[in-house]
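As numbered in mature numbering (1 follows the signal peptide of the UniProt record, and there is no 0), residues -22 to -1, 1 to 347 make up the sequence shown, in order. First up is the structure itself, then whatever we jot down about it.
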Amino acid sequence: MIPRVLLTASLFLISVASNGFATKAPFNPREYPKNVVTCPAINRAENKQVDIDLHYVDINPQAKKTLLFLHGWPGLWASWKYQIEEFQNDYHIIAPDIRGFGASTHPGDVRSSGTMPDLVGDLLCILEHAGALEAIAVGHDWGTQLAYEAARERPDIFTAVVGITIPYMPCAGPFVPTQTLVAAHPRLAYQLFFDSQTHAAATELGRDIRRTLRGTLRHVASPPPEDFLTNPETFLGAWDHYEEIPEIGFLSKEEEDYWVEQYSIQGFKHNLQFYTDENRLAAWQFANEQGNHTIPQPVLSILATEDPVANMELAAKLLHSFDFLPNHSLHRLPTAHWTQLEMPDEVNSIIREWLTKLDAKQEHTHDEL
């Protein structure tokens, strides 16, 4: 015979579950196995071809359409946890660790062997290995620019783009060295540190990985110090008067431990490639000489209005970003830099609505043909 209190509790739990209110298990990145593909790469410092191993999460490969999630700095595939949970039953999900991040290896020359075209080549290698003929590229931070560059280079494969937090940065204008960029935008001074003192920056960042991640992954309710990002000689110096940096609001303790473990594999010595002038100039030359800066595919931009790095909508206007995106939708969210982690429900809703309209439009076009 079941005691009345247990019977009552059991009936309550059954009622909760049947009404859709059952508690969802917290995201556990360790439950997602990774595939590994060996891809060709170039070490330009030594002028030789090498192989790199790229790790990626591959979910629901039987689905008709693929979403390729691209993280930025300092990110990992797991920075897409909320989007993976939202879309994994409806789409083929591919979420790589970009070369130099986590266990994904690097050619070894961080200054000139991590251009945007190099990274697009990595994506093509991953998609081929995963059996995906085409994909919608979804990016955050530098992953956004990578998504745009992939769509620009290979519109036959990257059929649409979702860019989160930062706008499209076309290479239609003159190349701007980091030193010049920082002179005009002082809050980008950290990029000068990463470019001019890359080894010293990687050493500082790797000294206490947990502190580095906590200092960087902030949100509106728990912002960094006002002078964060403004010193060309240090990245974490603004946090020096904090004995302990507050925990990351959108990661559990277990997730934070996972991030620390993943960054402990290589530290930061191979993932500052986005910031070196050698990589930036080579990427600019490649795109500028090709000249096809317009991206005709459907594009969804979700810009952050409270990002401490920059006013992203103003940056888009200065870069004339939207002039090169004729099939563009824009949304704004009041987040700091980590939009998809800070407001996941809103981001997921915006993306799903856009994808639904995109699917309907494509089906209508197919019916007309």
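For each residue, glycine too, the CB sits at the ideal point set by N, CA and C. These numbers come from a predicted model, not from an experiment.
Within the same chain, show all residues whose beta-carbon is closer than 8 Å to that of residue i, passing over the 5 residues directly before and after it, in chain order.
| i | result |
| --- | --- |
| Thr254 | Val88, Arg89, Ser90, Gly92, Phe172, Asp173, Thr176 |
| Thr158 | none |
| Ala314 | Arg196, His197, Val198, Pro201, Ala282, Glu284, Asp285, Pro286, Glu320 |
| Arg132 | Val98, Leu102 |
To which residues of the same chain is residue i closer than 6 Å at the C-beta, ignoring the five residues directly before and after it?
| i | result |
| --- | --- |
| Leu170 | Thr156, Val160, Pro210 |
| Gln340 | none |
| Asp97 | First, the residue type needs correcting, since residue 97 is Leu and not Asp in the sequence shown. Around Leu97: Leu124. |
| Pro202 | Arg196 |
| Leu207 | Arg165, Tyr168 |
| Phe47 | Trp58, Ala73, Val116 |
| Tyr10 | Val35 |
| Ala216 | Pro203, Asp205, Phe206 |
| Phe264 | Pro95 |
| Val28 | Ala19, Asn21, Pro85 |
Can you name, in chain order, every residue of its own chain whose Cβ lies under 7 Å from the Cβ of residue i, other than the five neighbours on each side?
| i | result |
| --- | --- |
| Glu221 | none |
| Asn326 | Tyr60, Gln61, Glu64 |
| Ala260 | Ser90, Thr93 |
| Ile187 | Val238, Tyr241, Ser242 |
| Arg22 | Asp87, Ser90, Ser91 |
| Ala180 | Gly245, Phe246, Lys247, Leu250 |
| Phe252 | Trp51, Trp120 |
Going by Cα to Cα distance, which pick from the options is closest to residue i?
| i | options | result |
| --- | --- | --- |
| Asp119 | Ala108, Ile142, Val35, Phe136 | Ile142 |
| Asp36 | Ser307, Trp217, Pro18, Gln66 | Gln66 |
| Asp285 | Ala110, Ala41, Ala199, Asn6 | Ala199 |
| His49 | Phe79, Ala41, Gln40 | Phe79 |
| His219 | Lys231, Ala3, Asp205, Ser230 | Asp205 |
| Val140 | His306, Ala56, His33 | His306 |
| Pro224 | Leu250, Lys26, Thr194, Phe213 | Thr194 |
| Pro274 | Lys26, Tyr146, Gly121, Lys12 | Tyr146 |
| Ala110 | Glu127, Thr272, Thr137 | Thr137 |
| Gly269 | Phe252, Glu256, Phe302 | Phe302 |
| Asp337 | Pro276, Asp29, Phe264 | Pro276 |
| His33 | Ala81, Leu296, Ala179 | Ala81 |
| Trp316 | Gly245, Ile71, Gly121 | Gly121 |
| Asn249 | Gly227, Arg77, Ala288, Glu291 | Arg77 |
| Gly227 | Lys247, Arg192, Tyr236, Phe246 | Arg192 |
| Ala294 | Cys149, Lys43, Ile71 | Cys149 |
| Leu45 | Ile71, Gly99, Tyr236 | Ile71 |
| Ala56 | Asn25, Arg8, Glu331 | Arg8 |
| Leu296 | Ile144, Pro304, Arg185 | Ile144 |
| His107 | Val28, Lys26, Gln27, Lys12 | Lys12 |
Go ahead and label residue i buried or exposed: buried means 16 or more other beta carbons lie within 10 angstroms of its beta carbon, across all protein chains shown.
| i | result |
| --- | --- |
| Arg130 | buried |
| Gly151 | exposed |
| Asn6 | exposed |
| Ser299 | buried |
| Ser242 | exposed |
| Ala(-1) | Bear in mind that the predicted position of Ala(-1) carries a pLDDT of just 47, short of 50, making it unreliable; the figure below should be weighed with that in mind. With fewer than 16 Cβ atoms within 10 Å of its Cβ, Ala(-1) is classed as exposed. |
| Val(-7) | Residue placement at Val(-7) cannot be trusted, given a pLDDT of 40 that sits under 50; what the coordinates show is reported in the next sentence. So Val(-7) ends up on the exposed side. |
| Gly53 | buried |
| Val14 | exposed |
| Ala3 | exposed |
| Pro39 | exposed |
| Glu127 | buried |
| Pro312 | exposed |
| Ala162 | exposed |
| Thr16 | exposed |
| Glu233 | buried |
| Glu320 | buried |
| Phe153 | exposed |
| Asp323 | exposed |
| Asp100 | buried |
| Arg185 | exposed |
| Leu292 | exposed |
Quick check: is any heavy atom of the ligand MG less than 7 Å from the C-beta of residue i?
| i | result |
| --- | --- |
| Gly80 | As for the ligand MG, it is missing from this structure, which has no ligand bound. |
Report the CB separation of residue i from residue j in whole angstroms; it is logged as a contact under 8 Å.
| i | j | result |
| --- | --- | --- |
| Ala113 | Leu105 | 6 Å |
| Ala73 | Trp58 | 5 Å |
| Leu278 | Ile329 | 7 Å |
| Asp31 | Thr83 | 5 Å |
| Ala41 | Asp75 | Not a contact, Cβ separation roughly 22 Å. |
| Ala19 | Pro85 | 5 Å |
| Leu229 | Arg189 | Not really, about 14 Å apart at Cβ, beyond 8 Å. |
| Thr212 | Glu182 | 7 Å |
| Pro304 | Thr272 | 7 Å |
Going by DSSP, which residues form a beta bridge with residue i?
| i | result |
| --- | --- |
| Tyr34 | Asn13, Pro74 |
| Lys26 | Asn21 |
| His306 | Val277 |
| Phe136 | Ala113 |
| Thr143 | Leu281 |
| His118 | Ile142 |
| Leu46 | Ile72, Ala115 |
| His197 | Ser200 |
| Leu311 | Ala282 |
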